[in-house]
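Note that numbering that gives the first Met the number 0 gives residue 11 to position 12 of the sequence shown, counting from 1, and the numbers run on in steps of one. The beta carbon of each residue, even a glycine, is placed where N, CA and C say it ideally should be. Remember, it's a predicted structure, so these values are computed and weren't measured experimentally.
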Amino acid sequence: MTSAIDKHLGVHAQALTLRSQRTELLAANLANADTPGYRARDIDFKAALAQASGSAQPGVHLQTTNAGHIGPKMVNGSPAPELKYRNPLAPSLDGNTVDAQMEQAQFAENTVRYQATLQFLNSKFRGLMTAITGQ
């Protein structure tokens, strides 16, 4: 059940969480750029946001039939986004699929979008504060 504040904030709260998780993944990719056999991972942001906001397309979903079964991964009370492996443009001989320049570009883009999401949330809260105080 969603609260009135969740409805007012819209999808921005979920987007902020997903952007934060994506930042961690991209940082891990960059940190392991020289690790032999490391495979770069990323999140399909559009699909993960649709899943988090409840508008995901019908498909195969993990369901447990016994309390002893392993359920889906949870992050902050919601299902964790599915991690995808990045296809390398130029594979290395040691099996590492991290392209440092591409990862840095993705990291920079994600940072800009994270800041934009923060600005949207800030304006939403500013509007609420104006409504509460009447100024």
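| query | How is the alpha helix (DSSP H) around residue 40 delimited, first residue to last? | reply | Run containing residue 40: none in the alpha helix (DSSP H); it sits in the beta strand (DSSP E), 40-42.
| By the 10 Å Cβ neighbour count, where 16 or more other Cβ atoms means buried, how is residue 42 classified, buried or exposed? | buried
| request: Alpha carbon to alpha carbon, how far is residue 106 from residue 49? Give it in angstroms, no decimals. | output: 21 Å
| query | Hey, quick one: how far does the alpha helix (DSSP H) through residue 113 stretch, first residue to last? | reply | 99-132
| request: To the nearest angstrom, report how far apart residue 95 and residue 29 are at their CA atoms. | output: In this structure, the straight-line span from the alpha carbon of residue 95 to that of residue 29 is close to 11 Å.
| request: Would you decide whether residue 109 is buried or exposed? Buried here means 16 or more other CB atoms lie within 10 Å of its CB. | output: buried
| query | According to the Cβ coordinates, are residue 39 and residue 99 closer than 7 Å? | reply | It is not a contact, given that the beta carbons lie outside the stated cut-off.
| query | Do residue 47 and residue 116 have their C-beta atoms within less than 7 Å of each other? | reply | Result no, Cβ atoms of residue 47 and residue 116 do not sit closer than 7 Å.
| Selection from 120, 114 and 131 that minimises the alpha carbon distance to residue 6 | 120
| Between the C-alpha atoms of residue 44 and residue 18, what's the straight-line distance to the nearest angstrom? | 8 Å
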